[in-house]
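Each remark here refers to the structure printed beneath this line.
Shown next, in the form of structure tokens:
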């Protein structure tokens, strides 16, 4: 058997060198089944919904089409952030904590990389500090670098949607408020508060939710502020830790808890 494998390896190496080697396709039984993509039109499928509330996503014009230093005939915009635009924020009398789009970027990477998303049981929305509501497709690949992420967000906020290059699927879409119109019919809505009783997400989902009930968690995607941003929507406030958590870590804990409760590996 060992000799046979050595012979095969040698034959494959020779084919590589000649340019005739072709990788054999995987058997159908070994190819993971792609889950159905969740949308807001699906009101029945049990899922975890995460709403990134008070997200700092705001465009800032850095040059005008009428400027003598700018050629091309179009205004140029970037995503307002505290690293590159401190001078503008100070001049406008605004706190730098109001320009933290990196928090939303970190949360999206955490959420969309999670097993629960790959299993088709996660739905993500963004609610900006300016009141813009965005639906995020589970199949989108968020840029890993903040610079590229900023470019995508600027395009979204100006064109109101981002479509896939390979299909007509909308990966990011600005939708109508309120968020409650896009949630499943049977859905428990919670938000995170440091002052509330600390729960284990797995136990909460297993004991408090019905077998066909979804859960929607509102996570504050801002650097600082009060936890009353979702009071008009939520049924309950819960805590996740005895220690302060970043928004990204809070998202991760909720994903892991639901994965454990629903048997997602």
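Residue numbers (the working numbering): 72 to 336. C-beta: ideal position from N, C-alpha, C; glycine also.
Taken through DSSP and simplified to helix, strand or coil, residue 122 comes out as strand. Annotated as distal: residue 276 and residue 130, with beta-carbon spacing of 7 Å or more. Using a C-beta cut-off of 8 Å, the stretch 231-246 makes no contact with the stretch 261-281, since fewer than three inter-stretch Cβ pairs fall below that distance.
For residue 307, the secondary structure class from DSSP, reduced to helix, strand or coil, is strand.
With respect to the C-alpha of residue 271, the residue from 330, 236, 190 having the closest C-alpha is 330. By the criterion of a C-beta distance shorter than 8 Å, residue 155 is surrounded in its chain by 149, once the five residues flanking it on both sides are discounted. In the DSSP assignment, residue 286 falls within the beta strand (DSSP E) that extends over 285-291. For the pair residue 296 and residue 146, the Cα-to-Cα distance works out to about 33 Å.
By the C-beta criterion, the stretch 244-257 is judged to be in contact with the stretch 115-130, since at least 3 inter-stretch pairs fall below 8 Å. Annotated three-state conformation of residue 240 is coil, per DSSP.
Between the stretch 175-187 and the stretch 317-327 there are three or more C-beta pairs closer than 8 Å, enough to call the two in contact. Counting only runs of 3 or more residues that sit fully inside the stretch 157-231, the beta strand (DSSP E) segments are 193-199, 204-207, in chain order. Straight-line spacing of the CA atoms in residue 159 and residue 166 works out to 10 Å. Annotated three-state conformation of residue 108 is coil, per DSSP. Non-local C-beta neighbours of residue 287 in its own chain, meaning closer than 6 Å and more than five positions away in sequence, comprise 120, 254, 258, 260, ordered along the chain. Non-local C-beta neighbours of residue 168 in its own chain, meaning closer than 6 Å and more than five positions away in sequence, comprise 294, 295, ordered along the chain. Here residue 153 carries a coil assignment [DSSP, helix/strand/coil].
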